[in-house]
Amino acid sequence: MAGGKDHIHRYYSPNDLYNKIIDGLNKLGKDLSKITLDDLQPVDEFHIRGDTATRELIALCGFTSDMHILDVGCGIGGSTRRLSHETGCFVTGIDLSDEYIDVAERLTELLNMQDRVKFHATSALDLPYADNSFEGVWSLQMNMNVEDKLGWLKETCRVLKPGGRAVLYEVCGGKNNTQHFPVPWAQDSSMSFLVPPETFRDIITEAGFEIAVWNDKTDLAQIAFSKAQKPAGKPNLPILGVYMLVGEDISTKAYNLHRNLDEGRVSLIETVAVKPTA
Ligand SMILES: C[S@@+](CC[C@H](N)C(=O)[O-])C[C@H]1O[C@@H](n2cnc3c(N)ncnc32)[C@H](O)[C@@H]1O
Numbered sequence: 017m018a019g020g021k022d023h024i025h026r027y028y029s030p031n032d033l034y035n036k037i038i039d040g041l042n043k044l045g046k047d048l049s050k051i052t053l054d055d056l057q058p059v060d061e062f063h064i065r066g067d068t069a070t071r072e073l074i075a076l077c078g079f080t081s082d083m084h085i086l087d088v089g090c091g092i093g094g095s096t097r098r099l100s101h102e103t104g105c106f107v108t109g110i111d112l113s114d115e116y117i118d119v120a121e122r123l124t125e126l127l128n129m130q131d132r133v134k135f136h137a138t139s140a141l142d143l144p145y146a147d148n149s150f151e152g153v154w155s156l157q158m159n160m161n162v163e164d165k166l167g168w169l170k171e172t173c174r175v176l177k178p179g180g181r182a183v184l185y186e187v188c189g190g191k192n193n194t195q196h197f198p199v200p201w202a203q204d205s206s207m208s209f210l211v212p213p214e215t216f217r218d219i220i221t222e223a224g225f226e227i228a229v230w231n232d233k234t235d236l237a238q239i240a241f242s243k244a245q246k247p248a249g250k251p252n253l254p255i256l257g258v259y260m261l262v263g264e265d266i267s268t269k270a271y272n273l274h275r276n277l278d279e280g281r282v283s284l285i286e287t288v289a290v291k292p293t294a
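Sequential numbering from 17 applies to the sequence shown in our numbering.
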């Protein structure tokens with residue numbers, strides 16, 4: 017493991033994930049020599065509103081083909097690849113889970129994108145990069161597992177070039193900042209560190225950023241999870257899905273997220289934070 021908390025790493029450590037995804041693609045009748053980003057999207061974009069949100073963030077980010085972007089907490093790399101595919105930029109994805117990084121690399125080779133998209137297993141709190149290395153940062157729904165948010169954001173700011181933009185799409189807490197568990201990012205409260213949006217904004221600023229964009233997307237998250245119901249009986253899981261990343265109790269996790277959103281315990285923020293030039 018690359019550092020950080022053992023129980024968080026364990027949560028994001030499925031067995032034999034790459035082969036299970038390949039089995040799923042075969043069951044769906046896909047030709048493995050012609051796999052597309054869309055074919056993988058049910059399993060490789062592990063954040064609220066999946067690829068729809070990724071495309072909204074790409075429209076917001078302003079990243080271009082001459083840039084090298086760092087994806088912090090990239091999971092198995094779905095949005096990492098989409099970002100590179102849509103903008104032409106180079107992306108390096110890092111994640112605490114070496115299992116996810118292994119799958120991210122293998123899927124990227126399957127899609128023949130390895131020249132522009134690379135991965136590295138490491139902690140967001142201790143990045144193995146020099147100061148001012150990247151033109152941009154991209155981080156989708158990782159902060160929930162990070163207790164030391166100031167440490168993470170200072171580290172992010174350190175590796176970003178002055179004037180560079182950090183695009184963050186993050187789950188925050190709410191007015192009632194206690195949550196029902198399990199949720200998609202945590203089996204219990206020992207793995208989840210949510211702060212209300214105002215606190216998150218203050219921490220981003222304290223870490224050295226200026227906020228350029230701040231959008232509350234909680235209403236869209238509520239709509240996305242409005243149909244999540246309390247599961248009864250054996251789960252009816254799709255052939256490919258994010259349950260492959262974090263377990264077959266995904267329906268319970270989705271139902272709890274729905275309750276947390278509706279009860280004001282969880283919110284969803286999209287923000288662009290800029291590292292000042294002086
Ligand atoms: C909900 S997933 C999101 C993955 C990816 N960003 C996506 O949208 O598909 C959260 C990810 O954060 C990673 N993570 C949690 N804590 C981390 C840390 N301290 N450093 C790096 N990655 C971390 C987990 O391993 C997991 O892959």
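Beta carbons are placed, not taken as given, at the ideal position from N, Cα and C, and that holds for glycine.
Backbone secondary structure at residue i - three-state DSSP
{"i": "G180", "result": "strand"}
{"i": "M17", "result": "Unreliable positioning characterises M17 in this predicted model, as indicated by a pLDDT of 37, which lies under 50. A coordinate reading is not provided."}
{"i": "H357", "result": "Residue 357 is absent from the model: the chain starts at 17 and stops at 294."}
{"i": "A289", "result": "strand"}
{"i": "E226", "result": "strand"}
{"i": "E186", "result": "strand"}
{"i": "L256", "result": "coil"}
{"i": "R281", "result": "coil"}
{"i": "D164", "result": "coil"}
{"i": "V211", "result": "coil"}
{"i": "N31", "result": "coil"}
{"i": "A120", "result": "helix"}
{"i": "N128", "result": "coil"}
{"i": "A202", "result": "strand"}
Best match in the options for proximity to residue i [C-alpha to C-alpha]
{"i": "R181", "options": "H84, L56, S283", "result": "H84"}
{"i": "T293", "options": "M207, P178, E121, W201", "result": "P178"}
{"i": "A140", "options": "D278, V175, A248", "result": "V175"}
{"i": "F225", "options": "C173, E186, K250", "result": "C173"}
{"i": "K169", "options": "A223, L277, S149, I227", "result": "The sequence given here has Leu at residue 169, not Lys. Among A223, L277, S149, I227, the Cα nearest to that of L169 is on A223."}
{"i": "Y28", "options": "T268, V290, G40, V258", "result": "V258"}
{"i": "C90", "options": "V290, T70, L44", "result": "T70"}
{"i": "A202", "options": "T194, K269, I239, S242", "result": "K269"}
{"i": "V291", "options": "E72, I24, N148", "result": "Here residue 291 turns out to be Lys, not Val, going by the sequence shown. It is N148 whose Cα lies nearest to the Cα of K291."}
{"i": "L73", "options": "I219, A120, L184, Q238", "result": "L184"}
{"i": "F106", "options": "T80, K50, L127", "result": "T80"}
{"i": "I51", "options": "I37, H63, I64", "result": "I37"}
Host alpha helix (DSSP H) of residue i (start-end)
{"i": "T138", "result": "Run containing T138: none; DSSP gives neither H nor E here."}
{"i": "A237", "result": "234-240"}
{"i": "D278", "result": "266-278"}
{"i": "Q57", "result": "53-60"}
Residue i - containing beta strand (DSSP E), residue span
{"i": "T194", "result": "Here T194 belongs to no beta strand (DSSP E), and DSSP marks it neither H nor E."}
{"i": "L156", "result": "150-156"}
Quiz item: Are three or more beta carbon pairs between the region 76-93 and the region 107-119 nearer than 8 Å?
Solution: yes
Practice problem: Determine, using beta-carbon pairs with one atom in the region 150-165 and one in the region 118-135, whether at least three such pairs fall under 8 Å. | Solution: no
Quiz item: Counting Cβ pairs, one atom from each stretch, are 3 or more of them under 8 Å apart for the region 209-220 and the region 181-201?
Solution: yes
Quiz item: Taking one C-beta from the region 52-63 and one from the region 88-103 each time, how about it: are there three or more such pairs within less than 8 Å?
Solution: yes
Exercise. Indicate whether the contact test is met: 3 or more Cβ pairs, each with one atom in the region 239-252 and one in the region 26-35, closer than 8 Å.
Key: no
Quiz prompt | Runs of alpha helix (DSSP H) lying entirely within the region 64-118, each at least 4 residues, in chain order | solution = 66-77, 94-103
Quiz item: So, do the region 98-105 and the region 257-271 have three or more beta carbon pairs nearer to each other than 8 Å?
Solution: no
Exercise. Spell out a yes or no on whether the region 233-240 and the region 283-291 are touching, meaning 3 or more CB-CB pairs, one atom from each, closer than 8 Å.
Key: yes
Quiz item: Would you call the region 161-168 and the region 271-279 in contact, with 3 or more CB pairs under 8 Å?
Solution: no
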